[in-house]
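Here the structure comes first, spelled out in structure tokens, and everything after it is commentary.
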Amino acid sequence: MESFEQWHLDRALLAWQVELGVDECIVDAPVDRFALNPAPQGRRGAPASPATAVEQPRADPVALARQAAQGVETLDQLRAAIAGFEHCELKRGAQNLVFADGHPQARLMVLGEAPGRDEDKIGRPFVGRAGQLLDRMMGAIGLDRTAEVPERGVYITNVLPWRPPRNRDPEPAEIAMMLPFVERHVALVDPDVILLMGNISCQAALGKRGILKLRGQWAEAFGKPALPMTHPAYLLRQPQAKRAAWADLLEAQAKLEAGR
Ligand code: URA
6 MESFEQWHLD RALLAWQVEL GVDECIVDAP VDRFALNPAP QGRRGAPASP ATAVEQPRAD
66 PVALARQAAQ GVETLDQLRA AIAGFEHCEL KRGAQNLVFA DGHPQARLMV LGEAPGRDED
126 KIGRPFVGRA GQLLDRMMGA IGLDRTAEVP ERGVYITNVL PWRPPRNRDP EPAEIAMMLP
186 FVERHVALVD PDVILLMGNI SCQAALGKRG ILKLRGQWAE AFGKPALPMT HPAYLLRQPQ
246 AKRAAWADLL EAQAKLEAGR
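If you're matching positions, the sequence shown starts at 6 in our numbering and goes up one per residue.
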């Protein structure tokens with residue numbers, strides 16, 4: 006029978022893994038991945054010298070993403086290309102690919118950051134508390150992601166299609182490798198206006214952060230008019246920022262009206 010100490014040790018190890026971001030058990034038995042890939046051995050089992058070890062050229066994930074996104078002609082093909090992209094580690098920790106939601110011919114496109122726990126669970130963007138607020142914000146300017154006509158619709162996606170562990174901020178390398186897919190996404194939806202929700206979206210689309218300075222000022226992203234806005238999750242934490250967000254929404258609405 007296991008000792009009391011062992012039970013506590015196992016429990017502490019489990020807590021440590023949760024702390025590192027592990028939130029799912031993938032197989033029943035542990036796998037020693039070091040044993041699966043033994044280092045190249047030289048004579049008599051000694052590690053191979055640098056001269057004899059064959060260096061594998063590392064694939065450039067950004068170039069591979071560009072290649073994968075290039076030939077894509079439809080949103081279904083884009084979803085399939087992202088689903089088949091194996092170079093972003095986030096994919097391995099995610100339960101679902103979170104591609105997009107809303108009307109694919111909508112004039113307004115929302116670019117969020119990355120799925121959270123709720124989105125990861127069901128594979129749709131912005132379905133948690135921040136998403137419910139986003140729906141209310143869209144409703145306030147007469148738009149609805151479930152609308153059947155493009156004029157009343159909104160199309161919603163994220164910079165990253167997979168949930169980062171423990172909702173951490175995406176790494177610059179992760180943003181860079183998914184950017185070719187975002188560019189293609191915008192080109193296929195071809196919206197009149199993009200709302201950039203939060204810092205990660207601004208980083209991806211404009212190459213800069215500082216949402217509280219950027220918000221409310223028109224910019225150009227992916228060849229489209231783009232308006233940075235505070236993220237709905239921020240508005241949930243800082244309700245006093247809603248007044249400025251409301252002004253930004255009206256600004257976006259006016260741009261859509263002017264472009265009719
Ligand atoms: N926050 C985002 O930026 N995107 C989501 O899909 C959910 C929360």
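We put the beta carbon where it would ideally sit given N, CA and C, even for glycine. No experiment lies behind these values; they were computed from the predicted model shown.
Quick one: Cα of residue i to Cα of residue j, how far?
i: F131; j: R157; result: 18 Å
i: M142; j: R134; result: 12 Å
i: A226; j: L113; result: 13 Å
i: R63; j: G98; result: 22 Å
i: A231; j: A181; result: 19 Å
i: G50; j: A20; result: For G50, the pLDDT reaches just 49, beneath the cut-off of 50, and the residue's location in the model is therefore unreliable, although a value from the coordinates is still provided. If I take the Cα positions, the gap works out to 37 Å.
i: P45; j: F90; result: Model confidence at P45 stands at a pLDDT of 49, short of 50, so the residue's coordinates are unreliable and nothing is read from them.
i: D81; j: E188; result: 15 Å
i: E179; j: P66; result: 9 Å
Need the endpoints of the alpha helix (DSSP H) that residue i sits in, please.
i: A250; result: K247 to A263
i: P66; result: P66 to Q75
i: E124; result: R122 to I127
i: P280; result: With the chain running from 6 to 265 in the structure shown, residue 280 is simply not present.
i: K96; result: L95 to G98
Below 7 Å CB to CB, which residues in the same chain sit around residue i once its five sequence neighbours on both sides are set aside?
i: L69; result: H92
i: L240; result: L138, A246, K247 and A250
Can you give me the Cβ contacts of residue i inside the same chain, cut-off strictly under 8 Å, excluding the 5 residues immediately before and after it?
i: R48; result: Annotation note: pLDDT 48 at R48 (below 50); position unreliable, coordinate value reported separately. For R48, where only same-chain residues beyond five positions count, there are no Cβ hits under 8 Å.
Just to confirm the assignment, what range does the beta strand (DSSP E) spanning residue i have?
i: G107; result: A105 to G107
i: A111; result: Here A111 belongs to no beta strand (DSSP E), and DSSP marks it neither H nor E.
Using C-beta distances below 6 Å, list every residue in its chain close to residue i, excluding the 5 sequence neighbours before and after it, in chain order.
i: I146; result: L254 and Q258
Subject >> Every unbroken beta strand (DSSP E) within the segment 159-197, with a cutoff of 3 residues, ordered by chain >> reply: Entirely contained in the segment 159-197, the beta strand (DSSP E) runs reaching 3 residues are, in chain order, 160-163.
Original post:
Does the segment 202-213 come close enough to the segment 118-131 to have 3 or more Cβ pairs within less than 8 Å?
Top reply: yes
Subject >> Contact between the segment 60-77 and the segment 149-167 (3+ Cβ pairs under 8 Å) >> reply: no
**OP:** Quick one: residues with CB closer than 7 Å to any heavy atom of the ligand PLP, in chain order, please.
**Re:** No copy of the ligand PLP occurs in the structure displayed; its ligands are the ligand URA alone.
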